[in-house]
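Counting in the numbering used here, the sequence shown runs from 2 upward without gaps.
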Amino acid sequence: MVDYHIPVLREEVLHYLNAGDKHLIVDGTIGDGGHAEAILQNSGPQCRVLGIDRDAEALARARKRLAPFGERIILVHGNYSEIQSILAQRNIQGIDGWLLDLGVSSRQLDTPERGFSFMHDGPLDMRMDREDTTTAADLLETLSDKELEDIIKHYGEERHYKKIVRYIRKAQGKGPLSTTASLARILSSAAKQPRPARIHPSTRTFQALRIAVNRELDHLQTALSDSLNILNAAARLVVISFHSLEDRIVKRFIHDEEKGCICPPKTPVCICGKKSRLKKVTRRVVTPSAEEVRLNPRASSSKLRVAERIYV
2 MVDYHIPVLR EEVLHYLNAG DKHLIVDGTI GDGGHAEAIL QNSGPQCRVL
52 GIDRDAEALA RARKRLAPFG ERIILVHGNY SEIQSILAQR NIQGIDGWLL
102 DLGVSSRQLD TPERGFSFMH DGPLDMRMDR EDTTTAADLL ETLSDKELED
152 IIKHYGEERH YKKIVRYIRK AQGKGPLSTT ASLARILSSA AKQPRPARIH
202 PSTRTFQALR IAVNRELDHL QTALSDSLNI LNAAARLVVI SFHSLEDRIV
252 KRFIHDEEKG CICPPKTPVC ICGKKSRLKK VTRRVVTPSA EEVRLNPRAS
302 SSKLRVAERI YV
């Protein structure tokens, strides 16, 4: 029996997507297919899901899990930021809902050879799509000190970025860093906290490298912008994020597209011509219940935001 990844905020996703019969929902990060399965089980017989994932291994598991739904499921190996071309290739003009469950999956974290986690020793890889060529180890070898500092500072929100890069370079003087365990040891050495830290000293740097390897924030910004071109009227954008960088991007995008006009406050009549294109559905961020966190501790940092496409 296959042990499938547990989808976070399952009931909330179903509620806010509100998938109806004849709807086409896109799951841009289908993973093991947990959310897609729930959508198909709780919608009409003509509702379809188009699932996209960069990870071919995840897509294979989703294909097996969702096989009973037949033609109601369409699976694509690709990046959700390519949504416009994916739809165009299939002559799809618009969609009725778009789900993005961002970040790394539990299965990716728990598979040592994928190199995402400092809790398991494995190659320093971190590629979500193994067809990509650049690994985390490659970044450590090829980036300048300044480039590496910027990544750790901005993507990891790590205060000690300069010290960390110094320790990495010192270790590289003895040979290349090629495993997660070797990097984790260096990061623990660089931390040397007098008291136990709130989070593991490797957490922020591993996050930063993963985001850089997969260009996660670039793809998110592209996808959010493109959502305005593909969502039908009243279609909903549902985004689950797991760290503040992602959540801030989503929050700002929805705010700006709901606001519309960007004229200076004292301008008597709008001259910019920018109209509202989204309406907030969730006025505040949605977080998992205590019971969900108890059953699935990795859901604890998840945040869900929802907006609806409007045409003014």
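From the three backbone atoms N, C-alpha and C, an ideal C-beta is built for every residue, glycine too.
Using three-state DSSP, classify Ile-272 as helix, strand or coil. Secondary structure at Ile-272: coil, using DSSP grouped into helix, strand and coil.
Nearest CA to the CA of Leu-225: which residue from Arg-62, Pro-177, Glu-83, Glu-13? Of Arg-62, Pro-177, Glu-83, Glu-13, the residue nearest in Cα terms is Glu-83.
Could you name the residues of the same chain whose beta carbon sits closer than 6 angstroms to that of Lys-23, not counting the 5 residues immediately before and after it, in chain order? For Lys-23, where only same-chain residues beyond five positions count, the Cβ hits under 6 angstroms are Gln-47.
What residues match up with Ile-1 in a beta bridge as DSSP calls it? Nothing in the structure corresponds to residue 1, since the chain is present only between 2 and 313.
Sort Ile-93, Thr-112, Asp-257 by Cα distance to Glu-58 and report the nearest one. Nearest Cα to Glu-58 within the set Ile-93, Thr-112, Asp-257: Thr-112.
Could you tell me which residues DSSP puts in a beta bridge with Ala-68? Answer is none; Ala-68 lacks a bridge partner.
Using 8 angstroms as the threshold, is the C-beta distance between Ile-165 and Ala-137 below it? The answer is no: Cβ separation not under 8 angstroms.
Taking 8 angstroms as the cut-off, decide whether the C-beta atoms of Leu-279 and Ile-311 are in contact. Cβ atoms of Leu-279 and Ile-311: closer than 8 angstroms.
Val-270 burial status per 10 Å Cβ neighbour count (16 or more: buried): Exposed: under 16 other Cβ atoms inside 10 Å.
Beta-carbon proximity list for Val-9, same chain, < 8 angstroms, skipping 5 on both sides: In its chain, beyond the 5 residues on either side, Asp-102, Ile-241, Pro-289, Glu-293, Asn-297, Arg-299, Ala-300, Ser-303 have a beta carbon closer than 8 angstroms to the beta carbon of Val-9.
Could you tell me which of His-16, Tyr-5, Arg-91 sits nearest to Val-287, measuring between CA atoms? Minimum Cα-Cα distance from Val-287 among the listed residues His-16, Tyr-5, Arg-91 corresponds to His-16.
Taking the alpha carbon of Gln-222 as the point to measure from, which residue in Asn-80, Gly-35, Asp-56 has its own alpha carbon closest? Closest by C-alpha distance to Gln-222, out of Asn-80, Gly-35, Asp-56, is Asn-80.
Cβ-based neighbour list, Arg-196, same chain, cut-off 8 angstroms, excluding 5 preceding and 5 following: Any answer about Arg-196 is weak, because its pLDDT of 48 lies below 50 and its placement is not dependable; what the coordinates show is given next. In the same chain as Arg-196, and ignoring 5 residues on each side of it, no C-beta atom comes closer than 8 angstroms to its own.
So, at 6 angstroms on beta carbons, what are the nonlocal neighbours of Arg-49 in its own chain, with the 5 sequence-adjacent residues on each side left out? The beta carbon of Arg-49 sits closer than 6 angstroms to those of Leu-25, Arg-73, all from its chain and outside the five residues before and after it, given in chain order.
Close-in-space but distant-in-sequence residues of the same chain around Tyr-5 (CB under 8 angstroms, 5 per side omitted): Within the same chain, Tyr-5 has close Cβ partners Asp-33, Gly-34, Gly-35, Arg-62, Arg-66.
Per the DSSP calculation, Val-307 is bridged to which residue(s)? For Val-307, which the question treats as bridged, DSSP gives the partners Val-239.
Proximal residues to Thr-180 (C-beta, below 7 angstroms), its chain only, five neighbours per side dropped: Excluding five sequence positions before and after Thr-180, the CB atoms of its chain that fall closer than 7 angstroms to its own CB belong to Asp-122, Gly-123, Pro-124, Leu-125, given in chain order.
Return yes when the Cβ of Glu-309 is within less than 8 angstroms of the Cβ of Ala-235, no when it is not. With respect to the 8 angstroms criterion, Ala-235 and Glu-309 are classified as neighbours on the basis of their beta carbons.
Buried versus exposed, by CB contacts within 10 Å (16 or more), Val-313: That one is exposed.
Near Gly-116, which residues of its chain fall below 6 angstroms by C-beta distance, leaving aside the five closest residues on each side in sequence? For Gly-116, where only same-chain residues beyond five positions count, the Cβ hits under 6 angstroms are Gly-123, Pro-124, Leu-125, Asp-126, Met-127, Thr-181.
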